[in-house]
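To start, the structure itself, in structure tokens.
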Amino acid sequence: RLIQSHKKRKNREKKVKMITRISIPIVGLLLLLATFGEAKHALYKDPKQPVEARVRDLLKRMTLAEKIGQMVQVDRVNITAKIMKEYGIGSLLSGGGSVPRTNATAKEWVEMVNEFQKGSLSTRLGIPMIYGIDAVHGHNNVYKATIFPHNVGLGVTRDPELVKKIAAATALEVRATGIQYAFAPCIAVCRDPRWGRCYESYSEDHKIVQEMTVAVPGLQGDLPPNAPKGYPYVGDKTKVVACAKHYVGDGGTVKGIDENNTVANWDTLLKIHMPAYPDTIKKGVGTVMVSYSSWNGKKMHANYDLITKYLKGTLGFKGFVISDWQGIDRITSPPRANYTYSVQAGVHAGIDMVMLPYNYTEFIGILTDLVEKKIIPMSRIDDAVTRILRVKFVAGLFENPLGDLSLVQNIGSKEHRELAREALRKSLVLLKNGKNPNTPLLPLPKKASRILVTGAHANDLGLQCGGWTISWQGQSGNNITAGTTILKGIKSTVDKTTKVVYQKNPDAKFVKSQKFDYAIVVVGEPPFAEYFGDNLNLTIPAPGPSMIRDVCGSVKCVVVTVAGRPLVVEPYLPSIDALVAAWLPGSEGQGVADVLFGDYGFTGKLARTWFKRVDQLPMNVGDAHYDPLFPFGFGLETKPVGRS
27 RLIQSHKKRK NREKKVKMIT RISIPIVGLL LLLATFGEAK HALYKDPKQP
77 VEARVRDLLK RMTLAEKIGQ MVQVDRVNIT AKIMKEYGIG SLLSGGGSVP
127 RTNATAKEWV EMVNEFQKGS LSTRLGIPMI YGIDAVHGHN NVYKATIFPH
177 NVGLGVTRDP ELVKKIAAAT ALEVRATGIQ YAFAPCIAVC RDPRWGRCYE
227 SYSEDHKIVQ EMTVAVPGLQ GDLPPNAPKG YPYVGDKTKV VACAKHYVGD
277 GGTVKGIDEN NTVANWDTLL KIHMPAYPDT IKKGVGTVMV SYSSWNGKKM
327 HANYDLITKY LKGTLGFKGF VISDWQGIDR ITSPPRANYT YSVQAGVHAG
377 IDMVMLPYNY TEFIGILTDL VEKKIIPMSR IDDAVTRILR VKFVAGLFEN
427 PLGDLSLVQN IGSKEHRELA REALRKSLVL LKNGKNPNTP LLPLPKKASR
477 ILVTGAHAND LGLQCGGWTI SWQGQSGNNI TAGTTILKGI KSTVDKTTKV
527 VYQKNPDAKF VKSQKFDYAI VVVGEPPFAE YFGDNLNLTI PAPGPSMIRD
577 VCGSVKCVVV TVAGRPLVVE PYLPSIDALV AAWLPGSEGQ GVADVLFGDY
627 GFTGKLARTW FKRVDQLPMN VGDAHYDPLF PFGFGLETKP VGRS
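Per this note's numbering, the sequence shown starts with residue 27, numbered consecutively.
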């Protein structure tokens with residue numbers, strides 16, 4: 027009996043173990059199915075529900091790790107779909123030159139973005155990531171995209187509708203590559219041309235900058251009637267989330283030094299640097315990027331009063347605030363001196379999404395620890411994630427997370443290139459026309475025996491486009507993207523019997539020996555971006571000055587400057603017959619010839635003061651010491667002479 031009893035007990039134990047082995051996976055499976063079913067039918071997945079209800083429903087389902095993941099933006103370099111899934115990363119970006127491969131097609135961009143997105147969609151809650159890129163004068167990272175004139179030239183046009191059309195075209199080309207977020211427009215008010223980012227600013231006058239905030243509805247779409255104040259808006263799949271930048275005072279730093287200190291009282295900050303921000307918020311801008319610079323010694327990335335109290339509070343901004351590239355690192359001097367403090371200060375100040383762009387595991391670990399220790403309250407995290415999710419819902423990312431190939435034909439389309447050419451024509455400023463006002467040189471005759479075109483900038487697409495073109499700093503060369511050089515435009519415009527001679531840097535002897543009817547001398551700056559462009563002397567780079575002397579001393583000449591700002595030209599003015607500021611023309615250089623030869627008239631008016639000497643700077647219209655070479659608003663005009 028004892029033996030039988032022992033056998034029965036053993037059999038019962040075996041049955042229990044077998045049932046346990048079967049039941050535990052079944053229970054787990056049932057729980058998993060229940061969770062999946064709950065998520066599948068969750069309120070936040072229902073596009074018919076109000077955005078705020080969807081945000082609240084999703085937020086309450088999220089763990090701390092999932093929330094912090096949403097606050098992270100990293101560059102695509104070294105990131106995989108697996109990493110996107112594992113860390114629940116909220117956003118990716120392409121920094122300047124960060125591309126799938128050199129000369130990548132729109133199809134390759136779409137495939138890359140979608141691959142990352144699939145990683146995000148495979149997370150527990152399936153929250154899509156948002157992909158950002160610097161599309162600051164067209165979709166400028168992408169091979170064969172239309173490159174528009176930089177903002178410094180667009181301000182000259184005084185044509186907000188044109189700027190809105192350019193923004194809409196840019197949005198279309200950005201969406202054609204599967205990307206949903208553009209770090210534009212820059213609404214800096216550049217008060218000192220020594221600043222390396224001055225060409226990203228429309229004007230020294232905040233009124234012109236305010237007019238050009240129509241770029242926001244160009245990128246995002248026009249707000250519907252009765253839209254809630256300060257609420258983000260994105261129209262459809264041909265539009266992108268916009269970004270007003272850089273908040274605030276980036277264009278007012280001492281001596282124009284990039285990322286430096288803007289010294290101004292509160293009234294001056296409000297009067298000069300702030301006005302365009304309320305305008306973009308009224309137009310539904312989705313995001314605001316914080317400036318590297320400081321205001322009266324306080325780093326903007328750590329400025330709670332200006333970000334949380336003023337931007338989010340007083341101005342009622344409901345989108346999300348994003349840092350600049352490694353912006354929180356630079357809260358300390360030197361950068362990263364105390365990274366834990368930087369994370370705490372930046373997030374506390376009101377930054378919602380942090381453009382790291384690499385050290386995501388470090389950031390996630392530090393921020394998690396700060397929240398768990400209650401140094402940063404959960405309410406601050408919830409505010410950040412609420413804003414990020416709001417923008418993602420508004421942008422339709424939950425319904426349409428993946429890009430497709432239906433828009434790829436818009437990259438560098440004929441229509442967009444014609445728009446860029448029009449913008450270039452309207453951005454040209456005629457500063458001098460003839461040594462005697464009664465004998466103007468322009469418009470130039472198309473029919474001539476021989477004409478000379480000189481200068482590297484006349485025959486170099488990269489120099490003509492400037493910084494933020496294909497790469498961060500830009501680069502020289504005619505193979506970097508598709509477009510038309512100034513020289514090619516001239517050759518296609520003149521009469522077929524006119525011989526065009528191009529010499530990059532001819533000497534006076536050559537010029538005198540060739541008996542040219544006239545010369546077009548194109549001089550300017552090399553491409554640059556950000557602090558690489560800071561310049562305390564603003565002279566025309568060599569060989570520009572000697573070329574002007576040798577060519578203009580020998581033959582009638584028009585000098586065209588290709589530069590992101592006014593340069594010192596006063597010493598050369600007596601020898602120059604005509605002077606044209608072309609700023610940074612973009613890819614459609616034909617627009618220069620359109621106006622030089624009279625198919626269209628000059629109409630551009632200076633949107634910034636042209637100084638005589640750098641020791642006058644900063645000098646802006648309205649200043650007591652205002653004594654310019656060419657004043658704000660100056661620009662000679664010509665009439666079209668008819669096309670042939």
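Built from N, CA and C at the ideal position, the CB exists for glycine as well.
Everything numeric in this text was worked out from a predicted model, so none of it was measured.
What is the residue span of the alpha helix (DSSP H) that residue 23 lies within? Any answer about residue 23 is impossible in this case: the structure gives the chain only from 27 up to 670.
Let's see if you can read the secondary structure: which residues bound the alpha helix (DSSP H) around residue 478? Residue 478 sits at position 452 when you count from the first residue of the sequence shown. No alpha helix (DSSP H) contains residue 478, which is instead part of the beta strand (DSSP E) from 476-480.
Beta-carbon separation (whole angstroms), residue 353 vs residue 327, contact threshold 8 Å: For this step, residue 353 is matched to residue 327 along the sequence shown. For this step, residue 327 is matched to residue 301 along the sequence shown. Beta-carbon to beta-carbon, residue 353 and residue 327 are separated by about 5 Å, close enough to satisfy the 8 Å threshold.
In chain order, what are the residue ranges of uninterrupted alpha helix (DSSP H) at least 4 long that sit wholly in the segment 395-425? If we require 4 residues or more, the alpha helix (DSSP H) runs fully inside the segment 395-425 come out as 404-420.
Presumed contact (8 Å Cβ cut-off) between residue 555 and residue 498, rounded CB distance: Taking the sequence shown and counting its residues from 1, one reaches residue 555 at position 529. Taking the sequence shown and counting its residues from 1, one reaches residue 498 at position 472. Sure, about 5 Å apart at Cβ, within 8 Å.
Straight-line gap, residue 536 to residue 528 (C-alpha atoms, nearest Å): Locating residue 536 in the sequence shown gives position 510, counting from the first residue. Locating residue 528 in the sequence shown gives position 502, counting from the first residue. In a straight line, the C-alpha of residue 536 is about 12 Å away from that of residue 528.
4 or more residues per run - each alpha helix (DSSP H) lying fully within the segment 322-382: 365-375
Between residue 87 and residue 151, which are expected to be in contact by the criterion C-beta below 8 Å, what is the C-beta distance as a whole number of angstroms? Within the sequence shown, the letter at position 61 stands for residue 87. Within the sequence shown, the letter at position 125 stands for residue 151. Confirmed, about 6 Å.
Boundaries (first-last residue) of the beta strand (DSSP E) holding residue 528: Here residue 528 corresponds to residue number 502 of the sequence shown, with the count starting at 1. Here the beta strand (DSSP E) through residue 528 covers 525-529.
Proximal residues to residue 69 (C-beta, below 6 Å), its chain only, five neighbours per side dropped: Numbered from its first residue, the sequence shown carries residue 69 at position 43. Closer than 6 Å at Cβ, skipping near neighbours: 75 and 83.
Limits of the unbroken alpha helix (DSSP H) element including residue 189: Here residue 189 refers to the residue found at position 163 of the sequence shown. 186-202 is the extent of the alpha helix (DSSP H) around residue 189.
Suppose you measure from the CA of residue 160 to the CA of residue 122; what does that come to, to the nearest Å? Counting from 1 along the sequence shown, the entry for residue 160 is found at position 134. Counting from 1 along the sequence shown, the entry for residue 122 is found at position 96. Straight through space, the alpha carbons of residue 122 and residue 160 are spaced by roughly 7 Å.
Taking the beta strand (DSSP E) that residue 269 falls in, what are its first and last residues? For the purposes of this step, residue 269 is identified with residue 243 of the sequence shown, where counting begins at 1. Where residue 269 is concerned, the enclosing beta strand (DSSP E) stretches over 269-273.
Report the residue from 199, 463, 135 and 149 whose alpha carbon sits nearest the alpha carbon of residue 89. Within the sequence shown, numbered from 1, the residue matching residue 89 stands at position 63. For the residues 199, 463, 135 and 149, the minimum Cα distance to residue 89 belongs to 149.
Comparing alpha-carbon positions, which option in 134, 169 and 583 lies nearest residue 538? What you label residue 538 is simply residue 512 of the sequence shown in a count that begins at 1. The option with the nearest alpha carbon to residue 538 is 583.
Does the Cβ of residue 250 have 16 or more other Cβ atoms within 10 Å, making it buried, or fewer, making it exposed? If you number the sequence shown from 1, residue 250 lands on position 224. Here residue 250 is exposed, its C-beta having fewer than 16 other C-beta atoms within 10 Å.
Who are the near neighbours of residue 667 in its chain, counting only those whose CB is closer than 7 Å to its CB and skipping five residues on each side? Here residue 667 refers to the residue found at position 641 of the sequence shown. 469 and 624, listed in sequence order.
Buried versus exposed, by CB contacts within 10 Å (16 or more), residue 117: Locating residue 117 in the sequence shown gives position 91, where the first residue counts as 1. Its Cβ being crowded by 16 or more others within 10 Å, residue 117 is buried.
Who pairs with residue 584 in a beta bridge, going by DSSP? As a first step, residue 584 is located in the sequence shown; it is residue number 558 there, counting from the start. DSSP output for residue 584 lists 546 and 604 as bridge partner(s).
According to DSSP, is residue 229 helix, strand or coil? Here the question's residue 229 lines up with position 203 in the sequence shown. DSSP places residue 229 in strand when its eight states are reduced to three.
Does DSSP put residue 205 in a helix, a strand or coil? Taking the first residue of the sequence shown as 1, we reach residue 205 at position 179. The answer is coil: DSSP assigns residue 205 none of H, G, I, E or B.
Keeping to the same chain, check which residues put their C-beta closer than 6 Å to that of residue 472; ignore five residues upstream and five downstream. Looking up residue 472 in the sequence shown gives position 446. Shown here for residue 472: same chain residues with a beta carbon closer than 6 Å to its own, the five before and five after excluded, namely 520, 521 and 623 in chain order.
According to DSSP, is residue 502 part of a helix, a strand, or is it coil? On the sequence shown, residue 502 is found 476 positions in, with the first residue counted as 1. Residue state, collapsed to three classes: coil.
Please state whether the Cβ-Cβ distance between residue 355 and residue 317 is less than 8 Å. Stepping through the sequence shown from its first residue, residue 355 is reached at position 329. Stepping through the sequence shown from its first residue, residue 317 is reached at position 291. No, Cβ-Cβ distance for residue 355 and residue 317 is not below 8 Å.
One or two residues paired with residue 636 in a DSSP bridge: Counted from its first residue, the sequence shown places residue 636 at position 610. 656, per the DSSP bridge assignment.
My parser needs the alpha helix (DSSP H) runs of 4 or more residues fully inside the segment 87-119; what are they? 90-96 and 107-113
Using the C-alpha atoms, what's the distance from residue 467 back to residue 460? The count along the sequence shown starts at 1 and reaches residue 460 at position 434. The count along the sequence shown starts at 1 and reaches residue 467 at position 441. Those two C-alpha atoms are separated by around 5 Å.
Cβ atoms of residue 230 and residue 647: under 8 Å apart, would you say? Walking along the sequence shown from the start, residue 647 turns up at place 621. Walking along the sequence shown from the start, residue 230 turns up at place 204. Cβ atoms of residue 647 and residue 230: closer than 8 Å.
Roughly how many whole angstroms lie between the Cα atoms of residue 106 and residue 135? Translated into the one-based positions of the sequence shown, residue 106 becomes position 80. Translated into the one-based positions of the sequence shown, residue 135 becomes position 109. Each residue's Cα considered, the two are about 15 Å apart.
Start and end of the beta strand (DSSP E) containing residue 177? Translated into the one-based positions of the sequence shown, residue 177 becomes position 151. That residue, residue 177, is in no beta strand (DSSP E); its alpha helix (DSSP H) goes 177-183.
Compute the beta-carbon to beta-carbon distance between residue 511 and residue 487, rounded to the nearest angstrom, for a pair I have assumed lies under 8 Å. Here the question's residue 511 lines up with position 485 in the sequence shown. Here the question's residue 487 lines up with position 461 in the sequence shown. Confirmed, Cβ separation roughly 6 Å.
In this structure, does DSSP put residue 464 in helix, strand or coil? For the purposes of this step, residue 464 is taken as the residue at position 438 of the sequence shown. Coil.
What residue ranges within the segment 285-324 form continuous alpha helix (DSSP H) runs of no fewer than 4 residues, ordered along the chain? 302-308
Which residue marks the beginning of the alpha helix (DSSP H) containing residue 577, and which one marks its end? Indexing the sequence shown from 1 puts residue 577 at position 551. 570-578 is the span of the alpha helix (DSSP H), which, as asked, contains residue 577.
Would you call residue 379 buried or exposed, if buried means 16 or more other Cβ atoms sit within 10 Å of its Cβ? Your numbering for residue 379 matches position 353 in the sequence shown. Counting Cβ neighbours within 10 Å, residue 379 comes out buried, since at least 16 surround it.
Please confirm if the segment 277-289 is in contact with the segment 318-337, defined as three or more CB-CB distances below 8 Å between the two stretches. yes
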